[in-house]
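Using the working numbering, the letters of the sequence shown map in sequence onto residues 1 to 143. No residue lacks a Cβ here, since even glycine has one placed at the ideal position from N, Cα and C. These figures come from a predicted structure and were not determined experimentally. Inspection log for the structure reproduced underneath, given as structure tokens.
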Amino acid sequence: MEKCKNPIFFSTICFIIVITLIFFLFGSKDEKYYIERMVNFLQGYGIEAANIPIERVLVTIPDKFDDVYENYNVLQKKAGFDLEKYRGKNVWRYTFRVLNFDKDSNIRANLLVYNNEIIGGDVMSTSLGGFMYPLNFKDKSRK
């Protein structure tokens with residue numbers, strides 16, 4: 001078995017890997033602050049969400065809305081949002097598991113965030129035959 005020819009290089013690589021893992025596992029203080037803010041925002045609508053998002057994805061709001069985006073923006077307007085001024089912009093979509101539904105554990109809350117400002121969102125079911133509602137929906141299924 002051949003010995004490591006450059007132990008300093010190997011140690012440096014291991015250190016970088018460990019630091020990267022720590023960053024991804026624990027996140028930055030700023031991100032934790034904004035995630036806490038998002039969870040509190042959802043609570044304002046009566047939505048109890050998990051403290052850690054399931055997903056964080058960069059999405060682009062299209063320059064020209066097709067029928068799907070037109071309908072989605074109608075849903076946004078019902079909750080007091082409007083994605084019109086964010087056409088062509090890259091925004092973050094944070095997805096949280098919703099905890100206060102009686103029947104279904106497949107309920108998710110999505111928040112759209114641009115420059116650390118919540119610009120939209122929805123509540124949806126990932127179940128077959130699911131639904132999508134504006135954030136301010138009223139439903140008897142909530143606990």
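Of all the options the options, which has the alpha carbon lying nearest to the alpha carbon of residue i?
| i | options | result |
| --- | --- | --- |
| N40 | L128, K77, Y133, A109 | A109 |
| K85 | A79, N73, Y94, R93 | N73 |
| L111 | L99, G44, L135 | L135 |
| F96 | G80, V59, S125 | S125 |
| S105 | N115, G130, N116, V113 | G130 |
| I54 | N71, K64, I35 | I35 |
| F183 | Y114, N116, K77 | Not covered by the structure: residue 183. The range shown for the chain is 1 to 143. |
| M132 | E70, N115, L75 | L75 |
| I52 | N116, V98, V113, N115 | V98 |
Going by beta-carbon coordinates alone, are residue i and residue j separated by less than 8 angstroms?
| i | j | result |
| --- | --- | --- |
| G146 | L83 | Limits of the chain in this structure are 1 at one end and 143 at the other, which puts residue 146 out of reach. |
| Y94 | R56 | yes |
| R152 | I61 | Summary: the structure shown does not reach residue 152, with the chain confined to residues 1 through 143, and so no result is reported for it. |
| E48 | N100 | yes |
Would you call residue i buried or exposed, if buried means 16 or more other Cβ atoms sit within 10 Å of its Cβ?
| i | result |
| --- | --- |
| P7 | exposed |
| I107 | buried |
| D30 | exposed |
| L42 | buried |
| D122 | buried |
| V68 | exposed |
For chain B, check one thing: does any of its Cβ atoms lie closer than 8 angstroms to the Cβ of residue i?
| i | result |
| --- | --- |
| Q76 | No chain B appears in the structure shown, which is made up of a single protein chain. |
Please look up how many angstroms separate the CB atoms of residue i and residue j, rounded, as I've assumed it's under 8 angstroms.
| i | j | result |
| --- | --- | --- |
| L58 | W92 | 6 angstroms |
Extract the residue ranges of the alpha helix (DSSP H) inside the stretch 38 to 107, only unbroken runs of 4 or more that lie entirely within it.
67 to 78
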